[in-house]
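Notes follow once the structure below has been shown.
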Amino acid sequence: MFVAALKAPYRPVLAHIIPIRRCNLSCTYCNEFDDHSAPVPTSDLFRRIDRLAELGTGIVTLSGGEPLLHPDADGLISRIRERGMIATLITNGYLLSRDRITRLNRAGLDHLQISIDNVVPDEVSKKSLKVLDQKLRWLAELAEFDITVNSVVGGGIRNPDDAVVIARRARSLGFSTTAGIIHDNQGELRALDEAQRTILDELVALGDSTFDVATYNRFQKNLATGHPNDWHCGAGSRYLYVCEDGLVHWCSQQRGHPAIPLERYGPEDLQREYHEVKSCAPFCTVGCVHRVAQVDELRQNPQAVLAQWFPTSPGERTTAPVAVRALRWAFVTSSHRDLFRHAAMNLFGVRRRAKP
26 MFVAALKAPY RPVLAHIIPI RRCNLSCTYC NEFDDHSAPV PTSDLFRRID
76 RLAELGTGIV TLSGGEPLLH PDADGLISRI RERGMIATLI TNGYLLSRDR
126 ITRLNRAGLD HLQISIDNVV PDEVSKKSLK VLDQKLRWLA ELAEFDITVN
176 SVVGGGIRNP DDAVVIARRA RSLGFSTTAG IIHDNQGELR ALDEAQRTIL
226 DELVALGDST FDVATYNRFQ KNLATGHPND WHCGAGSRYL YVCEDGLVHW
276 CSQQRGHPAI PLERYGPEDL QREYHEVKSC APFCTVGCVH RVAQVDELRQ
326 NPQAVLAQWF PTSPGERTTA PVAVRALRWA FVTSSHRDLF RHAAMNLFGV
376 RRRAKP
């Protein structure tokens with residue numbers, strides 16, 4: 026189903042679904058939680074998962090709040106997998122234990138992300154390496170699913186260098202790492218100073234991820250210096266945010282648009298919202314929406330997009346990893362680039378234009 030979502034221009038590639046708004050923490054920069062909400066009934070969530078499958082969604086992420094507070098989180102993961110979709114989870118990690126990790130394995134979880142904000146907990150965030158390091162060791166030992174540790178810069182984090190310490194620890198345990206710029210309570214830019222920008226560069230280099238380098242060059246490099254990005258946001262179509270009330274929104278930071286019940290959301294809504302121009306897009310820092318947009322950009326024009334993502338001009342702040350250099354060779358400089366481009370177009374379901 027994931028490949029089908031990539032091929033079809035209006036199918037959701039990724040949907041976030043909220044099984045519970047309550048969280049066991051209270052990070053000061055976060056506007057996505059409360060301290061009292063009850064779990065959404067499992068039967069309601071099953072219907073929402075089924076509806077996402079009917080819409081052709083490729084990936085479903087359980088988010089929150091803290092999704093592991095839901096008493097049937099394992100059943101939700103299993104339902105996502107049974108409907109042919111990739112199941113992922115975003116957690117603060119506090120509720121992970123050896124038994125909980127084993128249960129996630131049995132449920133069929135594909136991917137888990139933990140965001141760790143600092144080395145030692147403080148008044149801004151309790152998501153600290155000091156508290157979570159044991160959880161990371163258990164994950165390294167037991168998890169049968171992929172793991173990403175996200176470290177952040179900006180947003181009032183007291184010691185920006187903590188992000189590098191966290192990323193290095195994650196890499197030492199064999200996990201993938203990502204780097205994020207913490208948004209304000211509207212989901213928009215909090216510009217970085219020079220020291221923070223240097224740390225962001227180091228985080229991208231530590232990750233050694235093709236897509237992280239692409240995201241940096243496409244979005245984060247501008248945002249870090251307070252400059253807008255020129256891009257098309259497909260939220261409400263290629264990316265869906267389904268809140269605890271079962272309404273579809275553009276994203277976690279733009280709740281209320283379009284706020285249509287998922288059960289009534291159909292192809293016309295997906296097409297309309299894809300083409301809707303979002304005024305928040307230029308300074309948006311919501312990384313999952315950026316990544317979905319990058320998939321569409323690559324699908325539509327792989328040669329131009331790869332050149333934009335991985336520029337070769339002197340003075341670039343990042344060094345392209347091997348995978349990036351291979352992509353650039355295959356699609357841009359190779360004498361066989363037409364063959365590679367044709368194969369990519371077939372994969373993404375793009376028809377070749379007839380030559381005049």
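Read in order, the letters of the sequence shown correspond to residues 26 to 381 in our numbering. By construction, the Cβ of each residue, glycine as well, lies at the ideal position given by its N, Cα and C atoms.
Is the beta carbon of residue i less than 7 Å from the beta carbon of residue j?
i: residue 300; j: residue 244; result: no
i: residue 160; j: residue 121; result: yes
i: residue 113; j: residue 86; result: yes
i: residue 101; j: residue 116; result: no
i: residue 79; j: residue 130; result: no
i: residue 184; j: residue 140; result: no
i: residue 133; j: residue 88; result: no
i: residue 68; j: residue 47; result: no
i: residue 95; j: residue 266; result: no
i: residue 11; j: residue 195; result: Because the chain is modelled from 26 through 381, residue 11 falls outside the range shown and cannot be assessed.
i: residue 182; j: residue 200; result: no
i: residue 221; j: residue 178; result: yes
i: residue 192; j: residue 225; result: no
i: residue 50; j: residue 151; result: yes
i: residue 304; j: residue 57; result: no
i: residue 144; j: residue 190; result: yes
i: residue 205; j: residue 157; result: no
i: residue 39; j: residue 84; result: yes
i: residue 242; j: residue 334; result: yes
i: residue 217; j: residue 262; result: no
i: residue 290; j: residue 302; result: no
i: residue 322; j: residue 330; result: yes
Assign residue i to one of three DSSP states: helix, strand, or coil.
i: residue 176; result: strand
i: residue 204; result: strand
i: residue 343; result: Any answer about residue 343 is weak, because its pLDDT of 46 lies below 50 and its placement is not dependable; what the coordinates show is given next. Residue 343: coil per DSSP, three-state reduction.
i: residue 329; result: helix
i: residue 300; result: helix
i: residue 53; result: coil
i: residue 47; result: strand
i: residue 255; result: coil
i: residue 80; result: coil
i: residue 294; result: helix
i: residue 63; result: coil
i: residue 34; result: coil
i: residue 260; result: strand
i: residue 313; result: helix
i: residue 29; result: helix
i: residue 124; result: helix
i: residue 171; result: strand
i: residue 308; result: helix
i: residue 146; result: coil
i: residue 241; result: helix
i: residue 132; result: helix
i: residue 74; result: helix
i: residue 277; result: coil
By the DSSP assignment, the beta strand (DSSP E) with residue i in it spans what residues?
i: residue 283; result: 283-286
i: residue 42; result: 39-42
i: residue 272; result: 272-274
i: residue 265; result: 264-267
So residue i is in the alpha helix (DSSP H); what residue range does that whole segment cover?
i: residue 231; result: 219-232
i: residue 112; result: Unbroken run through residue 112 is the beta strand (DSSP E), 111-116; no alpha helix (DSSP H).
i: residue 141; result: Segment 136-141 is the beta strand (DSSP E) holding residue 141; no alpha helix (DSSP H) there.
i: residue 86; result: Looking at the DSSP string, residue 86 is not in any alpha helix (DSSP H); the run it does join, the beta strand (DSSP E), is 84-87.
i: residue 154; result: 154-167
i: residue 247; result: 246-249
i: residue 190; result: 187-197
i: residue 101; result: 98-107
To the nearest whole angstrom, what separates the beta carbons of residue i and residue j, a pair I think is in contact under 8 Å?
i: residue 313; j: residue 264; result: 7 Å
i: residue 98; j: residue 44; result: 7 Å
i: residue 271; j: residue 288; result: 7 Å
i: residue 52; j: residue 149; result: 7 Å
Handout entry: the stretch 161-180 in contact with the stretch 74-94 per 3-pair CB rule at 8 Å
Key = Put simply, the stretch 161-180 does not touch the stretch 74-94. Fewer than three CB pairs are less than 8 Å apart.
Handout entry: At least 3 beta-carbon pairs within less than 8 Å: the stretch 249-262 vs the stretch 317-324
Key = The stretch 249-262 is in contact with the stretch 317-324.
Problem - Cβ contact (3+ pairs, closer than 8 Å) linking the stretch 223-242 and the stretch 276-288 - result: The answer is no - the stretch 276-288 does not touch the stretch 223-242, with fewer than three Cβ pairs under 8 Å.
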